[in-house]
Amino acid sequence: MTKKITIVGCGPGAPDYMTEAGLKAIASADAYAGVTQLLKRYASEGKPQIPLASDIEEALQAIAACVAEGKRVAVLVSGDPGLCSLATPVIQRFGLPACDVIPGISSVQLLFARLGLDWMEARIISAHKSLPSLSATELENVKTLVILCGHHVSQQWVIELYLSWGKADKLIVCQDLSLPTERIDEVDGEMFSKMELSSRTIVVIKSSSREEV
């Protein structure tokens, strides 16, 4: 670690998908910041740990305090730092010159590998924390839509979007990718509305009426 803060992408969930570069950065850190699950899995005992919860500003202040003490901080983020990640507020606060960023394997990458699809022309949106202000009309030319979701409100939003695209569209629900509870189901809108979703859910809408990816 040549900089005071290293943001480490920790992959989609299973330790098998953590990179060697990420593990080396974690091993050389003096302190850690991340969600409880990642801290429990990767942080070394006896070193300071900063939980990342709803109060991001408090966590950023704690990271700043560690940096001021000369500590090297590893910020552990799920998936890849460049995709719906806590890396963004960390870089905004401390600046890129102060941060190293180590990429990880995202759940979206793993999803496309599982489905055997090219994802160059896919549109990726997040409905995990808040609902996007998008309509079917705005997505008219999108060939494959990938939605990060995992709660009841986003589930209902996905159903409405799916129905507005037309019933011929494929709706693929991917849950807990890389974990023992992983499952991938192709369903219709009615089936999807009755599913109890994991917080680690990605939905793919792929229209058979559009050009294949």
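Each residue of the sequence shown is one higher than the last, beginning at 54 in this note's numbering. Ideal placement from N, C-alpha and C gives every residue a C-beta, glycine not left out.
Pro142: member of the alpha helix (DSSP H) spanning Ala140 to Phe147, first to last residue. In the pairwise beta carbon analysis, the segment 172-179 is classified as not touching the segment 88-99: fewer than three pairs are separated by under 8 angstroms.
Considered as a whole, the segment 196-224 harbours 205-218 as its complete alpha helix (DSSP H) runs of no fewer than 4 residues, in chain order.
In the structure shown, the three-state DSSP call for Leu170 is coil. Residue environment: Asp238 is assigned as exposed (fewer than 16 neighbouring CB atoms within 10 Å of its CB, all protein chains considered). Judged by their CB atoms, Ser131 and Cys63 are nearer to each other than the 7 angstroms cut-off. The C-alpha of Thr141 is placed about 8 angstroms away from the C-alpha of Gly135. When Lys77, Thr59, Tyr95 and Ile255 are compared, the shortest CA-CA separation from Arg167 is found for Ile255.
Scanning Tyr215, Gly66, Val257 and Ser107 for the CA closest to the CA of Leu201 turns up Val257. Going by C-alpha positions, Ser252 is about 30 angstroms away from Leu149. A direct Cα-to-Cα measurement between Ala78 and Ile60 gives close to 9 angstroms. Positions of the alpha helix (DSSP H) runs, each at least 4 residues long and wholly inside the segment 90-129, are given as 109-121 in order along the chain. Closest in C-alpha terms to Lys56, from the list His204, Phe245, Val154 and His181, comes Val154. The beta carbon of Leu232 lies closer than 7 angstroms to those of Gly66 and Ala67 in the same chain, with the five residues before and after it left out. Pairing Pro101 with Ala84 gives a Cβ-Cβ distance under 7 angstroms. In the DSSP annotation of this structure, the continuous segment of the beta strand (DSSP E) that includes Ser179 starts and ends at Ala175 to Ser179.
DSSP, read as helix, strand or coil, puts Ile237 in strand. The residues Arg176 and Leu198, in chain order, have a CB closer than 7 angstroms to that of Leu192 in the same chain once the five nearest residues on each side in sequence are set aside. Counted as a single uninterrupted DSSP element, the alpha helix (DSSP H) harbouring Lys77 occupies residues Glu73 to Ala80. Per DSSP, Gly242 is one residue of the alpha helix (DSSP H) stretching across Gly242 to Ser246.
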